[in-house]
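*Asks:*
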Amino acid sequence: LPTYRIAPSLLSADFARLGDELKAVIAGGADWIHFDVMDNHYVPNLTFGPMICQALKPHAKRADGTAVPIDVHLMVQPVDSLAAAFADAGADLISFHPEASSHVHRSVQAIKAKGCKAGLVFNPATPLDVLDWTIDDIDLILIMSVNPGFGGQSFIDSALRKIEQARKRIDASGRDIRLEVDGGIKIDNIRRVADAGADTFVAGSAIFGKPDYKAVIDAMRGALQA
Ligand code: DX5
Ligand code: ZN
Numbered sequence: 005l006p007t008y009r010i011a012p013s014l015l016s017a018d019f020a021r022l023g024d025e026l027k028a029v030i031a032g033g034a035d036w037i038h039f040d041v042m043d044n045h046y047v048p049n050l051t052f053g054p055m056i057c058q059a060l061k062p063h064a065k066r067a068d069g070t071a072v073p074i075d076v077h078l079m080v081q082p083v084d085s086l087a088a089a090f091a092d093a094g095a096d097l098i099s100f101h102p103e104a105s106s107h108v109h110r111s112v113q114a115i116k117a118k119g120c121k122a123g124l125v126f127n128p129a130t131p132l133d134v135l136d137w138t139i140d141d142i143d144l145i146l147i148m149s150v151n152p153g154f155g156g157q158s159f160i161d162s163a164l165r166k167i168e169q170a171r172k173r174i175d176a177s178g179r180d181i182r183l184e185v186d187g188g189i190k191i192d193n194i195r196r197v198a199d200a201g202a203d204t205f206v207a208g209s210a211i212f213g214k215p216d217y218k219a220v221i222d223a224m225r226g227a228l229q230a
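Quick note on the UniProt record's numbering: the sequence shown kicks off at 5 and runs consecutively.
(1) Name the two residues that bound the continuous alpha helix (DSSP H) containing Pro54.
(2) Could you tell me which of His63, Pro152 and Ala200 sits nearest to Val47, measuring between CA atoms?
(3) Give a yes or no on contact between the stretch 164 to 175 and the stretch 200 to 208, applying the rule of three or more CB pairs nearer than 8 Å.
(4) Rounded to the nearest angstrom, what separates Phe39 and Gly123 at their Cα positions?
(5) Output the distance between the C-alpha atoms of Phe159 and Ala67, rounded to the nearest integer angstrom.
(6) Within 8 Å, do at least three Cβ pairs link the stretch 78 to 95 to the stretch 185 to 199?
(7) Just how far apart, CA to CA, sit Gly23 and Ile56?
(8) Following a CB-centred definition, is Val76 positioned closer than 7 Å to any heavy atom of the ligand ZN?
(9) Within 10 angstroms of the Cβ of His45, are there 16 or more other Cβ atoms? Answer buried if so, exposed if not.
(10) Return the chain-ordered ranges of every alpha helix (DSSP H) run that is complete within the stretch 108 to 167 and spans a minimum of 4 residues.
(11) For Asp161, verify whether its CB is less than 7 Å away from any heavy atom of the ligand DX5.
(12) Leaving out five residues on either side along the sequence, give the residues of the same chain with a beta carbon under 7 Å from the beta carbon of Cys120.
(13) Identify every residue that forms a DSSP beta bridge with Phe205.
(14) Compute the distance between the beta-carbons of Val220 and Ile191, then report whether it is under 8 Å.
(15) Helix, strand or coil, according to DSSP, for Val41 in the structure here?
(16) Sorry if obvious, but does the Cβ on Pro152 come closer than 7 Å to a heavy atom of the ligand DX5?
(17) Spatial neighbours of Lys61 within its chain, please: C-beta separation below 8 Å, excluding the five flanking residues on both sides.
(18) Could you pull the start and end residues of the beta strand (DSSP E) that Leu97 belongs to?
(19) So is the beta-carbon of Gln157 under 7 Å away from any non-hydrogen atom of the ligand DX5?
(20) Taking all protein chains shown into account, decide if Leu135 is buried (16 or more other Cβ within 10 angstroms of its Cβ) or exposed.
(21) Buried or exposed: which applies to Ala176, given that a residue is buried once 16 or more other Cβ atoms fall within 10 Å of its Cβ?
Set out below in structure tokens:
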């Protein structure tokens, strides 16, 4: 079995209690923390910036002191200035939408030069073609299974075919690249997403919409292992 990772999205957390929500979801077993950055320009919604990331960073650790990676999903245009700011704010992984960057290769290299892992994000209607020329440089592929901008949307089934294609490309590359999926992931569909080839799962409303975060994360792991 792959080493599956569950990445709760703080987008669906209670923003009035963001630090406590972070700690609660880590106590519940989060592998990564997914941090959705929206700019009301690339997507029609506005969330949080690097100052919030920096404030949360010291709390992104488990009881034994090990750090929980912060997985920043940039839904912003332009990309480079905010990518640099998030690297300085403690991001571990930074992913962006290739449509939002004028120079995708340059943006990837700039993220890696800051010591972060770099990812590319594919919207539901975006083909994987850009991977032809980037797969040797990136650490993560993020397949959107909803249109970016809002939590709580339904999973778009055509994403499954795209996940299969991305998995083939990763395996053919022979490189260590995470295949993450974002949008509409629930206890009852996570297994299908894994079977298509994903190894990393973002979940916002499925986790923060329930009172017991650990119960949801455990149930997701159970579905993956069944
Ligand atoms: C959408 C965000 C997702 C979102 C997922 O633009 O990128 O990370 O929070 O939320 P759910 O799991 O509720 O679809
Ligand atoms: Zn996201």
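All C-beta atoms in this analysis are idealised placements derived from N, C-alpha and C, irrespective of residue type, glycine included.
Treat the numbers as computed from the prediction; the structure is a model and nothing was measured.
*Replies:* Considering the structure as presented:
(1) Unbroken alpha helix (DSSP H) run through Pro54: Pro54 to Leu60.
(2) The shortest C-alpha to C-alpha distance from Val47 to any of His63, Pro152 and Ala200 is the one to Pro152.
(3) Contact holds: three or more Cβ-Cβ distances are below 8 Å.
(4) For Phe39 and Gly123, the distance between alpha carbons rounds to 14 Å.
(5) Going from the Cα of Phe159 to the Cα of Ala67 covers about 33 Å.
(6) Result no; under three Cβ-Cβ pairs closer than 8 Å.
(7) Rounded to whole angstroms, Gly23 and Ile56 show a C-alpha spacing of 10 Å.
(8) Val76 has its Cβ no nearer than 7 Å to any heavy atom of the ligand ZN.
(9) Exposed: under 16 other Cβ atoms inside 10 Å.
(10) Segments of the alpha helix (DSSP H) lying fully in the stretch 108 to 167: 108 to 117.
(11) Asp161 Cβ: outside cutoff for every heavy atom of the ligand DX5.
(12) Excluding sequence neighbours, Cys120 sits near Ala91, Ala95, Asp96, Leu97 and Ile98.
(13) Answer is Ile10 and Val185, bridged to Phe205.
(14) Cβ distance < 8 Å, so Val220 and Ile191 count as in contact.
(15) Strand.
(16) Yes, the Cβ of Pro152 comes within 7 Å of a heavy atom of the ligand DX5.
(17) Correct list, in chain order: Ile74, Ala93 and Gly94.
(18) Leu97 to Phe100 is the span of the beta strand (DSSP E), which, as asked, contains Leu97.
(19) True, at least one ligand heavy atom lies under 7 Å from that Cβ.
(20) With 16 or more Cβ atoms within 10 Å of its Cβ, Leu135 is classed as buried.
(21) Ala176 comes out exposed.
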